[in-house]
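**Q** I have a structure I would like to understand better, so I am pasting it below and will then ask my questions one at a time.
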Amino acid sequence: MAHTFISCICHVVFATKERAPIISPALRDRLYPYFGALARDHHIGLFAVGGIEDHVHLLVSIPSTMSVSQTVKIFKGASSRWIHQEFDYMIDFAWQGGYGAFSVSRSLHTQVKSYIENQLDHHQKMTYEEEMRILLLKHEFSSQHG
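Under this note's numbering, residue 198 is the last one in the sequence shown; the count climbs by one each step, no gaps.
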């Protein structure tokens with residue numbers, strides 16, 4: 053077979069350094085479109101972006117030429133530099149070192165997309181820590197990973 057066919061859809065989650073609640077609505081309104089521009093520039097499918105003050109969720113389709121870690125590095129690294137350039141008062145902004153990336157089947161794509169787009173509602177009921185614990189359990193990670 054001469055062609056390569058890949059469907060690599062991931063739900064990616066990463067937090068601000070020390071989970072500082074510094075993603076304001078004003079920043080979010082500019083950051084999410086910036087993530088869209090990054091995705092287009094790097095041929096990454098971006099289906100959804102969501103989050104709250106201390107973390108971000110992305111639903112992405114990763115191209116065959118890129119690893120999960122390369123994809124996350126693009127979003128975290130470029131957005132951090134962009135925030136420093138665009139917001140003088142956020143010169144100390146940083147993302148936390150790690151991230152979560154969870155595979156998503158086509159059959160659950162719409163459900164996960166809706167979940168990401170409704171982050172503000174979800175976090176009326178649970179914290180980031182509770183959310184990550186649920187994601188880790190759902191994807192069969194042991195408590196040692198959290």
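Idealized CB from N, CA, C, for every residue including glycine. All of these numbers come straight from a predicted model, not from anything done at the bench.
Are the region 99 to 111 and the region 157 to 169 touching, with three or more C-beta to C-beta distances below 8 Å?
**A** Cβ pair count under 8 Å is three or more, so yes.
**Q** Do Arg80 and Asp106 come within 8 Å of each other at the CB atom, strictly closer than that value?
**A** As a first step, residue 106 must be located in the sequence shown, where it is residue number 54. As a first step, residue 80 must be located in the sequence shown, where it is residue number 28. Cβ atoms of Asp106 and Arg80: not closer than 8 Å.
**Q** Could you check which residue in Lys190, Leu90, Tyr167 has the C-alpha nearest to that of Lys125?
**A** Working through the sequence shown from its first residue, we reach residue 125 at position 73. It is Leu90.
**Q** Give the range of the beta strand (DSSP E) segment to which Gly97 is assigned.
**A** Looking up residue 97 in the sequence shown gives position 45. Where Gly97 is concerned, the enclosing beta strand (DSSP E) stretches over 97 to 104.
**Q** Take the Cβ of Thr56 as the centre, count every other Cβ of all protein chains shown within 10 Å, and call the residue buried at 16 or more, exposed below.
**A** The count along the sequence shown starts at 1 and reaches residue 56 at position 4. Around the C-beta of Thr56, fewer than 16 other C-beta atoms lie within 10 Å, and the residue is accordingly described as exposed.
**Q** Comparing C-alpha positions only, which one of Leu189, Phe193, Lys177, Ile135 sits nearest to Leu83?
**A** Counting from one through the sequence shown, the residue named residue 83 turns up at place 31. Here the closest residue by C-alpha is Ile135.
**Q** From Gly152, Ile58, Leu98, pick the residue whose C-alpha is nearest to that of Glu169; which is it?
**A** One-based indexing of the sequence shown puts residue 169 at position 117. Residue Leu98 is the option with its Cα nearest to Glu169.
**Q** Under a Cβ-count criterion, where at least 16 other Cβ atoms within 10 Å of its own Cβ denotes burial, should His63 be classed as buried or exposed?
**A** Here the question's residue 63 lines up with position 11 in the sequence shown. Buried.
**Q** Do you know how far the Cα of Glu182 is from the Cα of Asp93?
**A** Position 41 of the sequence shown, counted from the first residue, corresponds to residue 93. Position 130 of the sequence shown, counted from the first residue, corresponds to residue 182. Going by the C-alpha atoms only, they are around 34 Å apart.
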